[in-house]
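Undergrad: My questions will all concern the structure given below.
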Amino acid sequence: MAEPAVTGDARMVANKALIHNAWAYVKHETEYRAATEDDQRKSHRKQADEHATVAEGIANLIDDLTDVSTTAWCSGCFVRSEHRKVEGKRSGIRAHLCASCGTATLRCAAPQCDHMAIRGLGSFRIPRYCAEHRHDIPSFERATDTVEGPEDYEKLLKYDKPNLNRATKLAAAGVLAAGVAIPGGIAAAPAVGGAIGAMMGYSGAVAANVGLAFLGGGAVAAGGLGMAGGAYVVAAVGAALGGALGASITNSYVREDKSFEIEKFRDGVGTPVIVTRGFLNESSADWRAAIAFVDRRYPDAPVYKLHWGSKELAALGAPVLRGAGAKHAVGVAARVAARAGKVAAGKLNPIAPVMIAADLAKNPWHTAKVRADRTGVALAGILARTEIPSYHLVGHSLGARVMITAAETLATQQGGPRIDTVHVVGAAIGRKGDWRRLNGAVSNKVHNYFSSRDQVLRYAYTVAQGGSVAAGFAGFGTSYPNIVDHDVSDRVDGHSAYFDNVVPA
-9 MAEPAVTGDA RMVANKALIH NAWAYVKHET EYRAATEDDQ RKSHRKQADE
41 HATVAEGIAN LIDDLTDVST TAWCSGCFVR SEHRKVEGKR SGIRAHLCAS
91 CGTATLRCAA PQCDHMAIRG LGSFRIPRYC AEHRHDIPSF ERATDTVEGP
141 EDYEKLLKYD KPNLNRATKL AAAGVLAAGV AIPGGIAAAP AVGGAIGAMM
191 GYSGAVAANV GLAFLGGGAV AAGGLGMAGG AYVVAAVGAA LGGALGASIT
241 NSYVREDKSF EIEKFRDGVG TPVIVTRGFL NESSADWRAA IAFVDRRYPD
291 APVYKLHWGS KELAALGAPV LRGAGAKHAV GVAARVAARA GKVAAGKLNP
341 IAPVMIAADL AKNPWHTAKV RADRTGVALA GILARTEIPS YHLVGHSLGA
391 RVMITAAETL ATQQGGPRID TVHVVGAAIG RKGDWRRLNG AVSNKVHNYF
441 SSRDQVLRYA YTVAQGGSVA AGFAGFGTSY PNIVDHDVSD RVDGHSAYFD
491 NVVPA
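In this text, residue positions in the sequence shown follow my numbering: the first is -9, and each later residue adds one.
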């Protein structure tokens, strides 16, 4: 997509929020004029109008900038930056503008708090609280703190301040109902999204859009990742894992998934092992097969069990587990997956990932897959802040997807812990792709154990993914030296048979 040529007043072009919102307006206006379906036109019209209003509001604030400034933490970009004061001659409001992200800010309404909150652009002021007092982030100051091991991760998520956001929401609801204010988050979002998108290799407004989609936009609430999807997740927050932005993302994921837990199973010596499971077995309390698999390779190592996504995985497994017999179970799973493939194929266009989010949220396969990607990023964020230098990761099915995402994300963090070895069995992830990042994510090897007799991956996965073949069914088939495929078809005759029958390399 073309990038804008930014020219004009130096103060205007220096404001990231203004540039991103103006460019977002142009793109949505163009899509609105080109769209032929009513739902697409309405969506683009609404978004174009919102971005135009925000861009105009920020421009008015820039016209009223003074030389008075203060240095404080910004709740828009989570950076300690300079905030220049605005005297509302044209805009009619008093505010500050963050020099880092361009967002309109004001002093947090909490007594004796020196942080800056995101300010709406309306003339009517309601109490605004900083990211700490909104519980968007546990702490600005502690964002780079570490803990001894992953079992202590909850210490990283301990809030320094009380949550004052509930009162803000109630007040904002009344103001917005009267049409007085514009949510400050709309103005801040492009800059935050741009920061994440830049880490993913994008630039300009494209970076903002991709980054925003990763954070979720409206799609995350519906179980999706918007435009970003699983393919982009792996590099999204690597550079920020040890900072406030990474802490915010990790915190939001862990808080959302009530089943997320890193449980220390046993002490030991050497490099710790983190093991997780996926489709068809995560709801079971019986971890004996998974632990036995680990013991065959790392009998003396410390072991941690990663619990995640119980709601999504239960929804995915329920129609299968209710079936009578393996053949019927696979058929039911394939029909569940087919709904996703049909929906995606019927709406394949440049904005499809946003437009079909609600449809995909109804499909248990897609919600579970998205949860796996997000869990992998959250796990990477936690491991990046531990004092342990290296880990082994073990995952089955969608749990394999979690571990691959975690390894790739963690590899983008400079100076953090490394992943020594990854063992994945029955991996529910496509075999085709650019696996350079995964190859470089490990100090040793990625061992992929696959079976051509895995009927769940053969049918359900392939249908759900529009014909894509799972690495757990046919191997990665890559020439990268650190990724090794192991054909275990002679020993594994089903999706739940890997841990019992495979001897790890």
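Even glycine gets a Cβ: it sits at the ideal position worked out from N, Cα and C.
Being a predicted model, the structure only gives us computed values, none of them experimental.
1. Count Cβ pairs between the region 83 to 91 and the region 128 to 148 that sit closer than 8 Å; are there 3 or more?
2. Please report the straight-line C-alpha distance between Phe255 and Lys295, rounded to a whole angstrom.
3. Could you give the residue range of the alpha helix (DSSP H) that holds Thr266?
4. Answer with buried or exposed for Glu302, where buried requires no fewer than 16 other C-beta atoms within 10 angstroms of its C-beta.
5. To which residues of the same chain is Gly260 closer than 8 Å at the C-beta, ignoring the five residues directly before and after it?
6. Determine the closest residue to Val58 out of Glu77, Gly462 and Ser441, with distance taken between C-alpha atoms.
7. My understanding is that Gly416 touches Arg391, with C-beta atoms under 8 Å, so please give their C-beta distance in whole angstroms.
8. When the Cα atoms are used, what is the spatial distance from Ser387 to Val414?
9. Rounded to the nearest angstrom, what separates Ser496 and Ala305 at their Cα positions?
10. Kindly give me the distance between the Cβ atoms of Leu146 and Tyr119, rounded to whole angstroms, as I take these residues to be in contact under 8 Å.
11. Can you name the start and end residues of the alpha helix (DSSP H) that Arg85 belongs to?
12. Could you tell me which of Ile252, Ser486, Ala100 and Asp363 sits nearest to Leu447, measuring between CA atoms?
13. Note down, in chain order, each residue of its chain lying with its Cβ closer than 8 Å to the Cβ of Val263, except the 5 sequence neighbours on either side.
14. In the DSSP assignment, find the beta strand (DSSP E) that holds Phe255 and state where it starts and stops.
15. Could you check which residue in Tyr439, Phe466 and Thr452 has the C-alpha nearest to that of Gly423?
16. Along the chain, where does the alpha helix (DSSP H) containing Ser33 start, and where does it finish?
17. Considering just the uninterrupted stretch of the beta strand (DSSP E) at Asn438, what are its terminal residues?
18. Cα separation between Val492 and Asp477?
19. With a Cβ-Cβ cutoff of 8 Å, do Ala454 and Phe440 count as a contact?
20. Can you pull the DSSP bridge partners for Arg74?
21. What does the alpha-carbon distance come out to for the pair Ala275 and Ile409?
22. If you compare alpha carbons, which of Ala42, Thr56 and Arg23 is closest to Arg1?
23. Tell me whether Ala178 is buried or exposed, calling it buried when 16 or more other Cβ atoms sit within 10 Å of its Cβ.
24. Can you give me the start and stop residues for the alpha helix (DSSP H) that Gly423 sits inside?
25. How far does the beta strand (DSSP E) with Lys503 in it reach, from first residue to last?
26. Taking the beta carbon of Glu27 as the centre, do at least 16 other beta carbons fall within 10 Å, making it buried, or is it exposed?
27. From the DSSP output, read off the bridge partner residues of Leu497.
TA: With the given structure in hand:
1. Taking one beta carbon from each stretch, the region 83 to 91 and the region 128 to 148 have fewer than 3 pairs nearer than 8 Å; the two do not touch.
2. Each residue's Cα considered, the two are about 6 Å apart.
3. It is not in any alpha helix (DSSP H) - Thr266 instead sits in the beta strand (DSSP E) that spans Val263 to Thr266.
4. Under this definition Glu302 is a buried residue.
5. Counting only Cβ-Cβ distances below 8 Å, and skipping sequence neighbours, we find Tyr288, Asp290, Ala291 and Pro292.
6. Measuring from the Cα of Val58, the nearest candidate turns out to be Glu77.
7. Actually they do not touch by this definition, with Cβ atoms about 11 Å apart.
8. In a straight line, the C-alpha of Ser387 is about 8 Å away from that of Val414.
9. What the structure shows of the chain is the stretch from -9 to 495, and residue 496 is not part of that stretch, so it cannot be assessed.
10. About 21 Å separates the two Cβ atoms, so there is no contact after all.
11. Looking at the sequence shown, residue 85 is not Arg but Ala. Where Ala85 is concerned, there is no enclosing alpha helix (DSSP H), although the beta strand (DSSP E) around it starts and stops at Ala85 to Cys88.
12. It is Ser486.
13. For Val263, the CB contacts under 8 Å within the same chain, skipping 5 residues up- and downstream, are Val284, Tyr288, Ala291, Pro292, Val293, Tyr294, Tyr381, His382, Leu383 and Val384 in chain order.
14. Element bounds for Phe255: Glu251 to Arg256.
15. With distances taken between Cα atoms, Gly423 lies closest to Phe466.
16. Segment Asp28 to Asp53, the alpha helix (DSSP H) holding Ser33.
17. Per DSSP, the continuous beta strand (DSSP E) segment holding Asn438 begins and ends at Val436 to Phe440.
18. Taking the straight line joining both Cα atoms gives about 10 Å.
19. Not in contact: Ala454 and Phe440 (Cβ atoms no closer than 8 Å).
20. Ser59 and Leu87, per the DSSP bridge assignment.
21. If I take the Cα positions, the gap works out to 27 Å.
22. It is Thr56 whose Cα lies nearest to the Cα of Arg1.
23. Any reading at Ala178 must be qualified, since the residue scores a pLDDT of 42, below 50, and its modelled position is unreliable; the value itself is stated next. By the neighbour-count rule (16 or more Cβ atoms within 10 Å), Ala178 is buried.
24. First-last for Gly423: undefined, no H or E at that position.
25. Residue 503 is absent from the structure shown; the chain starts at -9 and stops at 495.
26. Residue burial is scored here from C-beta neighbours: Glu27 has fewer than 16 other C-beta atoms within 10 angstroms and is therefore classed as exposed.
27. Outside the shown range of the chain (-9 to 495) lies residue 497, about which nothing can therefore be said.
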